[in-house]
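Oh and the sequence shown: position 230 is 319 in my numbering, straight run, nothing missing.
For each residue, glycine too, the CB sits at the ideal point set by N, CA and C.
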Amino acid sequence: MQFVKSGTHIDFMSRRWIFLGISLCLIIASIAVFLIRGLNYSIDFTGGTLVELAFSKTPDLGTVRDTLGKAGYADAVVQTFGGDHDLLIRLRTRPGESSAVASKILAVFQNDPQAYPGVQLRRTEYVGPEVGKQLRNKGILALIVVTIGILIYVGFRFEWRFATGGVLAMLHDPILVVGYFAISQQEFSMTVIAALLVIMGYSLNDTVVVFDRMREDLRAARNGSVAEIFNIAINETLSRTVITSFITFMVALALFLFGGPVIHGFATALVIGVVVGTYSSIFVASPIALWLGLKREHVLKRQFISAKDRKDGATL
Numbered sequence: 090m091q092f093v094k095s096g097t098h099i100d101f102m103s104r105r106w107i108f109l110g111i112s113l114c115l116i117i118a119s120i121a122v123f124l125i126r127g128l129n130y131s132i133d134f135t136g137g138t139l140v141e142l143a144f145s146k147t148p149d150l151g152t153v154r155d156t157l158g159k160a161g162y163a164d165a166v167v168q169t170f171g172g173d174h175d176l177l178i179r180l181r182t183r184p185g186e187s188s189a190v191a192s193k194i195l196a197v198f199q200n201d202p203q204a205y206p207g208v209q210l211r212r213t214e215y216v217g218p219e220v221g222k223q224l225r226n227k228g229i230l231a232l233i234v235v236t237i238g239i240l241i242y243v244g245f246r247f248e249w250r251f252a253t254g255g256v257l258a259m260l261h262d263p264i265l266v267v268g269y270f271a272i273s274q275q276e277f278s279m280t281v282i283a284a285l286l287v288i289m290g291y292s293l294n295d296t297v298v299v300f301d302r303m304r305e306d307l308r309a310a311r312n313g314s315v316a317e318i319f320n321i322a323i324n325e326t327l328s329r330t331v332i333t334s335f336i337t338f339m340v341a342l343a344l345f346l347f348g349g350p351v352i353h354g355f356a357t358a359l360v361i362g363v364v365v366g367t368y369s370s371i372f373v374a375s376p377i378a379l380w381l382g383l384k385r386e387h388v389l390k391r392q393f394i395s396a397k398d399r400k401d402g403a404t405l
């Protein structure tokens, strides 16, 4: 099964500066928006109460906000959830407030049965401010630990120019995903952190496959520049890359469309991450390795050293 015909020769490397320029602009924009606007952290990180209510008829969001404002909850965030009759209400943690606030919110609407008949409490979640802060710190720590682990793995497996390109391409993807969440102000929760970890692993795996073929071709080829051999390797793995990315994207899209609000952030991050991960493995990782001055001699020298080490070990 091939989406790309064998013998295809697309000259990716001749346009590498264009793609690197696009990626650099996107990274700078993502970081700038993140610093200016920040992220819309969920109660997982900020602490607070999440209340899901079900109404017998479709409620008007403006009226609901006015009702909550009069009851002293003007800062409540109200949004539809699931069906038209369901609402999700998020409230920040207040000093001295506990999970009992959910009952108070329900009572606000039950006290006006004519405007809100048959209102029911479906779900409530409470996260204290200290717990939220700990979760945020642990999420950041998880990303750092994964990055360090990948740095060690790639550093041992590949020549350092390959390794640098792979790691920078891997970091390229979560930065763009975070940039999207900063621009859209979509809720950033623990499930999004999990998606970022998945994206980093997916992107690196895709890059390693391409790099392995490049390394094999550099060792086998006698003629041609490094850029030409890179083009050959990318074209040889292009069918595999397209098929893998397409299937993964379809799964992520299915979660996005039918997974429901609970995993919407996770699915959104995956959909974006699969696209940018495939892009970076072709248009970011390889050009960076080439820009760092990778030559055939570097790969052959590493192979010679590895073979010598194996021979010396066998002698011992």
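Residue of the options minimising C-alpha distance to residue i
i	options	result
GLN223	LEU176, VAL243, MET279 and ASP149	MET279
LEU210	GLN274, ILE241, LEU177 and LYS227	LEU177
SER145	GLY172, THR253 and ILE116	GLY172
TYR130	ASN312, SER273, ASN324 and ARG308	SER273
GLU219	THR213, ARG212 and LYS227	LYS227
TYR162	PHE372, MET303 and LYS193	LYS193
ASP201	VAL216, GLU214 and LYS159	LYS159
LEU240	GLN203, VAL281 and GLY290	GLY290
GLN203	PRO148, PHE245 and ALA165	PRO148
ASP100	ARG329, PHE245 and ALA316	ALA316
ARG304	LEU109, ILE117, ILE332 and ARG246	ARG246
HIS98	SER328, VAL360, SER334 and THR333	SER328
ARG225	ALA283, ILE237, GLY238 and SER112	ALA283
Contacting residues, own chain, Cβ-Cβ under 6 Å from residue i (five flanking each side not counted)
i	result
ARG250	ALA378, LEU381 and LEU383
SER375	PHE319
GLY255	VAL243, THR296 and ALA374
ARG302	ALA322, GLU325 and THR326
PHE198	TYR205 and VAL208
VAL281	GLY354 and ALA358
VAL190	THR138
ILE229	none
Proximal residues to residue i (C-beta, below 7 Å), its chain only, five neighbours per side dropped
i	result
SER292	ALA258, MET259, ASP262, GLY366, SER369 and SER370
ASN294	none
PRO350	PHE170 and GLY171
GLN275	ASN129, GLY354 and THR357
VAL216	ILE132, ASP133, GLY136 and GLY137
ALA118	GLY268
Residues near residue i in its chain [Cβ-Cβ closer than 8 Å; skip 5 each side]
i	result
THR169	LEU150, ASP175, LEU176 and LEU177
LEU285	LEU232, PRO263, VAL266, VAL267, ALA358 and GLY362
LEU115	LEU265 and GLY268
THR253	ILE377, ALA378 and LEU381
Where residue i falls, given that 16 or more other Cβ within 10 Å makes a residue buried
i	result
ALA341	buried
MET102	buried
LEU142	buried
ASP479	Only positions 90 to 405 of the chain appear in the structure, and residue 479 is not among them; the question remains open.
SER355	Ser is not the amino acid found at residue 355; the sequence shown has Phe there. Buried, since its Cβ has 16 or more Cβ neighbours within 10 Å.
ARG83	Only positions 90 to 405 of the chain appear in this structure, which leaves residue 83 out of reach.
VAL234	exposed
ALA196	exposed
LEU157	buried
ALA309	exposed
ILE125	exposed
ALA165	buried
PHE347	exposed
THR152	exposed
ILE288	buried
ALA121	exposed
SER334	buried
ILE107	exposed
SER314	exposed
LEU405	Confidence in LEU405 is poor, its pLDDT being 35 and thus under 50, which makes the residue's placement too unreliable to answer from.
N-terminal and C-terminal residue of the beta strand (DSSP E) that residue i is part of
i	result
LEU176	172-181
TYR215	209-216
GLU248	Looking at the DSSP string, GLU248 is not in any beta strand (DSSP E), and its letter there is neither H nor E.
ALA322	Here ALA322 belongs to no beta strand (DSSP E); instead the alpha helix (DSSP H) covers 315-347.
THR138	137-143
Nearest-angstrom Cβ-Cβ length linking residue i and residue j, presumed shorter than 8 Å
i	j	result
ARG179	GLY137	6 Å
VAL167	ARG154	5 Å
ILE336	LEU344	13 Å between Cβ atoms; not a contact.
ARG385	LEU307	5 Å
ALA271	PHE123	4 Å
VAL298	PHE338	Contact doesn't hold; Cβ gap of about 17 Å is too wide.
GLU214	LEU139	4 Å
Start-to-end residues for the alpha helix (DSSP H) that takes in residue i
i	result
GLU305	279-309
ALA191	190-199
ALA356	353-372
LEU124	105-126
LEU157	150-159
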